[in-house]
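Peer 1:
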Amino acid sequence: MRVRSLFSVLLPAPSTASMTERLRASAGALLGLLVTGTVAHLMLGPDAIWLVAPMGASSVLLFCLPASPLAQPWSVIGGNVISALVAAACVRWLGHLMPLPALAAVGTALAIAAMFFMRCLHPPGGAAGLTAVIGGPAVHAAGFSFALGPVLVDSLLLVTAAILYNNLTGRRYPHAQTLTHPNPHATKDDVPTVRLGFKPEDLDAVLQRYGQVLDISRDDLEALFLQTELRAYQRRFGVISCGDIMSRDVVTAEFATPLTEAWLAMRGRHLAALPVLNPARRVIGIVTQSDFLKHSGLDDYRGMREKLKEFLKPTGLSHTEKAEVVGQIMTPRPRVARTDTPIVDLVPLMADAGLHHIPVVDAEERFVGIVTQSDVVAALYEHRLAEAQPA
6 MRVRSLFSVL LPAPSTASMT ERLRASAGAL LGLLVTGTVA HLMLGPDAIW LVAPMGASSV
66 LLFCLPASPL AQPWSVIGGN VISALVAAAC VRWLGHLMPL PALAAVGTAL AIAAMFFMRC
126 LHPPGGAAGL TAVIGGPAVH AAGFSFALGP VLVDSLLLVT AAILYNNLTG RRYPHAQTLT
186 HPNPHATKDD VPTVRLGFKP EDLDAVLQRY GQVLDISRDD LEALFLQTEL RAYQRRFGVI
246 SCGDIMSRDV VTAEFATPLT EAWLAMRGRH LAALPVLNPA RRVIGIVTQS DFLKHSGLDD
306 YRGMREKLKE FLKPTGLSHT EKAEVVGQIM TPRPRVARTD TPIVDLVPLM ADAGLHHIPV
366 VDAEERFVGI VTQSDVVAAL YEHRLAEAQP A
């Protein structure tokens, strides 16, 4: 039992990365280093130093942790190059004053300090600095050219490969920090989910007090906290799914539905939106009253009746630039939910992103209903009212 307890302390927690993500990251490192090594070999020549060992460590961050502050382009390029320059300077000016082990320690420590100062902290940069000190006669002879040659070229190539690969495989890179929550109505008020939960400044204060390096971006950390709050809410109050509250008898449109027909359906039934379906009943868009206003020029409110009539009136021509069917003014590829999606997952979309209607699809991606802001508000009210009733 003591041995097992010791191992439980020493070993890290199991990785939460899916098998797909592990394969994606490994394949990215393979392609990134292959491209970097091949191009650097052609650029610098087979007799020169054309691929440095720290690139292997950089590839871990670039392809496994592309959202990390330590993996951003300036961190990678600046961290590797500046560290190598600092260490090369130590070799040139301090190499005759101290033994190699001490020089390696001093060069690496000064490289870390320089990365902090230049805001480009990158763990493999420490390895780049160490390589500049203990790399041997060839590296020492190269001097500053080691940093401005293979280290710079390799870093630029690897970052370029990471930008292309990560974005092609669905990972945002570079991972720009999102420090604000813009209000969709362009007012100074915080978005609704921030007004009652923790605020960005609360997180900033905690991080300031923590005072240590975090290998996670600030916006990702905030998103994880918000998702944790939603999960805790579900645990406390139970799960109400979209399938429980959605409207099922929904008026819909098709791509080729005439604008007049869609407008009359919305006006006659007091609807604010129509889901747009293809023949297989899959959601291809959504058309709202705002779409009619935007495309018909009614947002200036002058001559509204005449403009609306002109906009809805068919031209009778087979080819015209004027929009005549729903598919020409709809919002394509709208956000959808599944029947088993908890309604608390819709709260940020409706409260913060300003979505008023979310189509609901089944396991086969076919349209089965729609959830509105009113549905969510009513469901949460009824659920909390039931919780408040005495047993």
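For our numbering, add 5 to where a residue sits in the sequence shown, where the first one is 1.
C-beta atoms are modelled at their ideal positions from N, C-alpha and C, and glycine is treated no differently.
Is VAL91 near LEU115, with beta carbons less than 8 Å apart?
Peer 2: In this structure, LEU115 lies closer than 8 Å to VAL91 by Cβ.
Peer 1: Please tell me whether HIS127 and ASN85 are closer than 8 Å, where the distance is taken between their beta carbons.
Peer 2: yes
Peer 1: By the three-class DSSP mapping on this structure, what secondary structure does HIS362 have?
Peer 2: strand
Peer 1: Any idea what DSSP makes of ALA18, helix, strand or coil?
Peer 2: coil
Peer 1: Just grab the DSSP bridge partners of LEU282 for me.
Peer 2: GLU259 and VAL288
Peer 1: State the CB to CB distance for the pair VAL256 and ALA270, rounded to an integer number of angstroms; the pair is presumed to be in contact (CB under 8 Å).
Peer 2: 5 Å
Peer 1: Is there contact between the stretch 280-287 and the stretch 249-265, where contact requires at least three CB pairs shorter than 8 Å?
Peer 2: yes
Peer 1: Evaluate VAL244 with the Cβ neighbour count: other Cβ atoms within 10 Å of its Cβ, from every protein chain shown; 16 or more gives buried, anything less gives exposed.
Peer 2: exposed
Peer 1: Measure from the alpha carbon of VAL365 to the alpha carbon of each residue in ALA93, ILE250 and VAL158, then state which is nearest.
Peer 2: Answer by Cα proximity: ILE250.
Peer 1: Can you give me the start and stop residues for the beta strand (DSSP E) that THR377 sits inside?
Peer 2: 372-377
Peer 1: Between HIS361 and the rest of its own chain, which residues show a CB-CB distance below 6 Å, the 5 nearest in sequence each way excluded?
Peer 2: GLN378
Peer 1: Tell me, please, which residues DSSP counts as bridged to THR344.
Peer 2: Per DSSP, none; premise fails for THR344.
Peer 1: Which residue comes first and which comes last in the alpha helix (DSSP H) that contains MET60?
Peer 2: First-last of the alpha helix (DSSP H) with MET60: 59-69.
Peer 1: To which residues of the same chain is ASP159 closer than 7 Å at the C-beta, ignoring the five residues directly before and after it?
Peer 2: THR41, ALA45, LEU56, VAL57 and MET60
Peer 1: Expressed to the nearest angstrom, what Euclidean distance is found between the alpha-carbon atoms of GLY130 and ARG371?
Peer 2: 51 Å
Peer 1: Counting Cβ pairs, one atom from each stretch, are 3 or more of them under 8 Å apart for the stretch 75-84 and the stretch 148-165?
Peer 2: Counting C-beta pairs closer than 8 Å gives three or more between the stretch 75-84 and the stretch 148-165, which meets the contact rule.
Peer 1: Could you round the C-beta distance between ALA89 and GLY37 to whole angstroms and report it? I think they count as a contact, below 8 Å.
Peer 2: About 20 Å separates the two Cβ atoms, so there is no contact after all.
Peer 1: Determine, using beta-carbon pairs with one atom in the stretch 287-297 and one in the stretch 335-347, whether at least three such pairs fall under 8 Å.
Peer 2: yes
Peer 1: Could you give the distance in angstroms between the alpha-carbon of VAL349 and the alpha-carbon of ARG253?
Peer 2: 20 Å
Peer 1: Does the beta-carbon of MET355 have 16 or more other beta-carbons within 10 angstroms, so that it is buried, or is it exposed?
Peer 2: It is buried - the Cβ of MET355 has at least 16 other Cβ atoms within 10 Å.
Peer 1: Mind checking whether the beta-carbon of PRO155 lies closer than 7 Å to any heavy atom of the ligand MG?
Peer 2: Judged by which ligands are present, the structure shown has none, so any question about the ligand MG falls away.
Peer 1: Pull up the CB-CB distance for ILE54 and PRO155, whole angstroms please, since I reckon it's below 8 Å.
Peer 2: 5 Å
Peer 1: Checking 8 Å against the spacing of the C-beta atoms, do CYS69 and ALA30 come in under that value?
Peer 2: yes
Peer 1: Can you look up VAL244 in the DSSP assignment and give me helix, strand or coil?
Peer 2: coil
Peer 1: Helix or strand or just coil, what does DSSP make of VAL330?
Peer 2: strand
Peer 1: Between ALA328, ASP367 and GLN77, which has its C-alpha nearest TYR442's C-alpha?
Peer 2: Past the edges of the chain, shown from 6 to 396, lies residue 442, and the structure says nothing about it.
Peer 1: If you draw a straight line from the alpha carbon of CYS95 to that of LEU108, how long is it in whole angstroms?
Peer 2: Whole-angstrom Cα-Cα distance: 7 Å.
Peer 1: For TRP98 and VAL111, what's the separation of their Cα atoms in angstroms?
Peer 2: 12 Å
Peer 1: Helix, strand or coil for SER397, going by three-state DSSP, please let me know.
Peer 2: The shown model of the chain, from 6 to 396, leaves out residue 397, and the question about it has no answer.
Peer 1: Are PRO205 and GLU234 touching if we call contact CB-CB under 8 Å?
Peer 2: no
Peer 1: Looking only at C-alpha atoms, which of VAL381, ALA34, LEU66 and LEU75 sits nearest to VAL218?
Peer 2: LEU75
Peer 1: Going by DSSP, what residues sit across from PRO337 in a beta bridge?
Peer 2: PRO337 is bridged to GLY290.
Peer 1: I'd like to check one pair, ALA277 with VAL331: are the Cβ atoms closer than 8 Å?
Peer 2: no
Peer 1: Measuring straight from C-alpha to C-alpha, what distance separates SER246 and VAL381?
Peer 2: 10 Å
Peer 1: Rounded to a whole number of angstroms, what is the C-alpha to C-alpha distance between HIS180 and ALA72?
Peer 2: 5 Å
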